[in-house]
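*Asks:* I have a structure here, written as structure tokens, and I will follow up with some questions on it.
Protein chains in written order, with full-length UniProt numbering: chain A, 1 to 91; chain B, 1 to 406; chain C, 1 to 426.
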């Protein structure tokens, strides 16, 4: 089942962030956010935990605590999720 | 002599009016918001009426980041607090650290949020439960979120004494002002109008099962059959009078002059109910004689036995028909922890404008010997008001407010 | 200058219902033995959850003396409160028949009220989460008592015959400190002679476990439940959920002396502040907790270097233990390094709102016995937690003044100072 899932994209993350934590009025989430720090985007650890929980459910993966702690930008989180997805496909 | 605690700001979110002046206009006009429940399908339940708030768009008032983590009652509370602080002319950023706190009453927490997460848990599994469930439903959430939004670092608390809690919270706010806190955002806002909350409220046995909005919640009426629940409440800025004077507060609505809380004896006891003691202790605390009280905002349970106790208490303390009594909550339904703070707001507005808002729907039973203000608002010279609130489980709370000295 | 005796509030009775220990005596034995009461969850199958550990109370409501009607109408947390209040009153030697009901009140703290009862009832009325419009037909008749936690105060008031000011204080995980602080203020204001005050929580249910899983606040050290609660240890990775209750008889000092009561300690100072920062996050510098500590010490008229023991919040989350270590240094200065600091959550877990009162009980008993309870499971301290946390073994020493602190969701930071009433004050 998971082998047919498409890769996780920045747009996927934008959608999940909006659902999980809303969006700060002062931030253009649709802009170039790949390398922005989550803090600068208005997302603190709790928002990221809720976001990660939703990604885990929707994409059927488990993100460990270190992955979450180390992914400080949307780009890093997208890459980390895709790494988990490829690992799941290979398994 | 400890500091006097005065009310300098009011924020109202009521089924019959969002915002202070709209609420007051509609209340004086006797406009009731009691109607059939629209928030969920109540047609299968014995009780089907509620006082619901229409037209509240949280996104118009609050940042998007707050919405996924808040229950409806917290959103209403945050907006109510914003309005109260604005009404008081307080810029929270201008206050020194620890000078201001938040003390609210709660009843059943963010019950609708809780229902959603319980459903996720039991229908899909634990991993579907929101990270925000760790606080969004719990009783402390309104105080916590209000303190964060407004950067209020002083003493904060939350009390739960069923429907009497709203007055207990304001009394606790006064206590902190007397101990040196400059101001406290206090009161209560509740909203548990969801199917799960409804079933739990029905289990309490005090909801009316009548379906005619005009005749459903009729306290002190021979046909009293229980109450209609509602959502909303009020938050007040309770402030040290000297602090208010120094900063040039735009207005002082009145002083929190006296308070007392008592419990009824345990069931089966032959001891007297505690309401009269609460009234007498609150008057004594305010240094007021019964004759000083110009109006009573009644608890108005609409449960025959409780109506009898309240009416007898008032007759004993003030004499038969000895004081005007009113229950504007007949227009909103009972708002749980928000009910008494809203009554307190109404009492302060009554003092301001010299007019007693009416009780609607009720045809007072003559046996109660009450001077119940019905039909139309009654102009009167008002200086002191008594607000009563009772909660299931035996809670009695009485609070005396006095008009500000000119 | 000292406060007059009619403005001083003392503890004259203690009741404790804790994991691994029903009753105050057993509780103190457990703490001073350094035993842990954390284990794999037995109340339900925890295997679907991330954290599968809890500190559970082996509680039999009937054996504990509750009547069938009390059992029928109450949630587990309320049952704890009734039983524990009775123990406290008995311990105090108060003659309930001689007490003026109007001058006796109740303050019960609880973070999550009847959450376990609500979880079970929701499951029933929603038919396992299938119904959006739930069916109340199958609910317990006393569901309203679960809806509103003030029913806990009612039950305790009925149990002890109190008709004075009574309420529930619900400030998350500082509820147990705030309830005692609230009750002490009620007595000091002259509104009651005696307050039965404490806190109770029984949150070990699927919904609670799931919500703490979601924020990874609880430890997932599932292969070693007995050693899972590790405050201040470098290997700590979250708290262990607990349950329980502690209740006190608080009274005016002159009232206690007039009846020749045994006095455990004076509730000499109390303060609470909010961090106004985040619902679950803590500012690393601990400045609001430090402020609460300073104000509580000031109210107690006690200099920081007179604190003989600090009963820490010590939940065992990474952020908490650093946060409060910083707060102790900021408020106690150099004395923070000299005074023993320990967390009994290492043994009895974190029972949310109840734990603050359970920790006050531990603090009062430390004064009673001149023994500091240890922090169990502390083998390798986090380098950023560099105070004396009393690892593994209880310590005999003079204890005449204790600081007990708590920190909770919502940003609440509270501090209670217990002291001997006969102390010389500054």
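Note that CB positions come from ideal geometry on N, CA and C, so glycine has one too.
Quick caveat: nothing in here was measured; it's all calculated off a predicted structure.
Using the beta-carbon of each residue, which ones in chain B are nearer than 7 angstroms to residue 57 of chain A?
*Replies:* Here the neighbours are 127, 128.
*Asks:* Who are residue 269 of chain C's beta bridge partners in DSSP?
*Replies:* C:417
*Asks:* Specify, as a first and last residue, the run of the alpha helix (DSSP H) that residue 182 of chain C falls within.
*Replies:* 175-188
*Asks:* Could you tell me the distance, in whole angstroms, from the CA atom of residue 63 of chain B to the CA atom of residue 25 of chain A?
*Replies:* 7 angstroms
*Asks:* Is the separation between the beta-carbon of residue 238 of chain B and that of residue 306 of chain B shorter than 8 angstroms?
*Replies:* no
*Asks:* Beta-carbon separation of residue 316 of chain C and residue 246 of chain C under 8 angstroms?
*Replies:* no
*Asks:* Which stretch, first to last residue, makes up the alpha helix (DSSP H) that contains residue 311 of chain C?
*Replies:* Not the alpha helix (DSSP H): residue 311 of chain C falls in the beta strand (DSSP E), residues 309-311.
*Asks:* Does DSSP put residue 386 of chain C in a helix, in a strand, or in coil?
*Replies:* Coil at residue 386 of chain C, not helix or strand.
*Asks:* For residue 422 of chain C, which of helix, strand or coil comes out of DSSP?
*Replies:* coil
*Asks:* Identify the contact partners of residue 53 of chain A in chain B, using a Cβ-Cβ distance below 9 angstroms as the criterion.
*Replies:* 127, 128, 129, 130, 131
*Asks:* Any beta carbon of chain C sitting closer than 8 angstroms to that of residue 3 of chain B?
*Replies:* It does not: the Cβ of residue 3 of chain B has no partner Cβ on chain C nearer than 8 angstroms.
*Asks:* Kindly say whether residue 23 of chain A, judged by its beta-carbon, lies nearer than 8 angstroms to any beta-carbon of chain B.
*Replies:* The beta carbon of residue 23 of chain A sits closer than 8 angstroms to some beta carbon of chain B.
*Asks:* Given a cut-off of 8 angstroms, decide if residue 321 of chain C and residue 400 of chain C are closer than it, judged by their beta-carbon atoms.
*Replies:* Remark: C-beta atoms of residue 400 of chain C and residue 321 of chain C do not approach each other more closely than 8 angstroms.
*Asks:* Around the Cβ of residue 157 of chain B, are there at least 16 other Cβ atoms within 10 angstroms (buried) or fewer (exposed)?
*Replies:* buried
*Asks:* For the putative contact between residue 404 of chain B and residue 252 of chain B, defined by C-beta atoms under 8 angstroms, what is the C-beta separation to the nearest angstrom?
*Replies:* About 4 angstroms; that satisfies the 8 angstroms criterion.
*Asks:* My guess is that residue 236 of chain C and residue 142 of chain C are in contact by the Cβ rule of under 8 angstroms, so how many angstroms apart are they, rounded?
*Replies:* The Cβ separation is near 40 angstroms, so there is no contact.
*Asks:* Could you give the distance in angstroms between the alpha-carbon of residue 233 of chain B and the alpha-carbon of residue 34 of chain C?
*Replies:* 49 angstroms
*Asks:* Mind checking residue 1 of chain C: buried by the 16 CB within 10 Å criterion, or exposed?
*Replies:* Low local confidence applies: a pLDDT of 48 at residue 1 of chain C is under 50, so the model's placement there is unreliable, and no value is given.
*Asks:* Return the chain-ordered ranges of every alpha helix (DSSP H) run that is complete within the region 12-79 of chain C and spans a minimum of 4 residues.
*Replies:* Those alpha helix (DSSP H) runs which fall completely within the region 12-79 of chain C and span 4+ residues are 24-33, 68-73.
*Asks:* Considering Cα atoms alone, identify which of C:319, C:177, C:353, C:279 is closest to residue 270 of chain C.
*Replies:* C:177
*Asks:* What's the call for residue 21 of chain B, buried or exposed, on a 16-neighbour Cβ count within 10 Å?
*Replies:* exposed
*Asks:* Could you give the DSSP three-state label for residue 331 of chain C: helix, strand or coil?
*Replies:* helix
*Asks:* What does residue 275 of chain C reach in chain B if we use C-beta pairs closer than 9 angstroms?
*Replies:* 147, 148, 153
*Asks:* Just list the alpha helix (DSSP H) runs in the region 162-227 of chain B, keeping only unbroken ones of 4 residues or longer that don't cross its boundaries, in chain order.
*Replies:* 165-178, 195-203
*Asks:* Where does residue 393 of chain C land, buried or exposed, given buried means 16+ other C-beta within 10 angstroms?
*Replies:* exposed
*Asks:* Tell me, please, which residues DSSP counts as bridged to residue 356 of chain B.
*Replies:* DSSP output for residue 356 of chain B lists B:378 as bridge partner(s).
*Asks:* Going by the DSSP bridge assignment, what does residue 322 of chain C pair with across the sheet?
*Replies:* For residue 322 of chain C, DSSP assigns no beta-bridge partner whatsoever.
*Asks:* Is the shortest distance between the beta-carbon of residue 146 of chain C and the beta-carbons of chain B less than 8 angstroms?
*Replies:* yes
*Asks:* Counting only the same chain and skipping the five closest in sequence on each side, list residues whose C-beta sits under 6 angstroms from that of residue 227 of chain C.
*Replies:* 377
*Asks:* What whole-angstrom Cβ distance do residue 353 of chain C and residue 109 of chain C have, given they're in contact under 8 angstroms?
*Replies:* With a contact defined as Cβ atoms closer than 8 angstroms, residue 353 of chain C and residue 109 of chain C qualify at about 5 angstroms.
*Asks:* Measuring CB atoms only, is the region 47-65 of chain C touching the region 281-300 of chain C, in the sense that at least three cross pairs come out at less than 8 angstroms?
*Replies:* no
*Asks:* Would you mind sorting residue 379 of chain B into buried or exposed? The rule is 16 or more other CB atoms within 10 Å of its CB.
*Replies:* exposed
*Asks:* Under a three-way DSSP split, which group does residue 148 of chain C fall into?
*Replies:* It is coil, neither helix nor strand.
*Asks:* In this structure, how does DSSP classify residue 116 of chain B when only helix, strand and coil are distinguished?
*Replies:* Shown here, residue 116 of chain B sits in a helix according to DSSP, grouped into three states.
*Asks:* In terms of residue numbering, what span does the beta strand (DSSP E) encompassing residue 108 of chain C cover?
*Replies:* 104-109
*Asks:* Does DSSP classify residue 89 of chain C as helix, strand or coil?
*Replies:* helix
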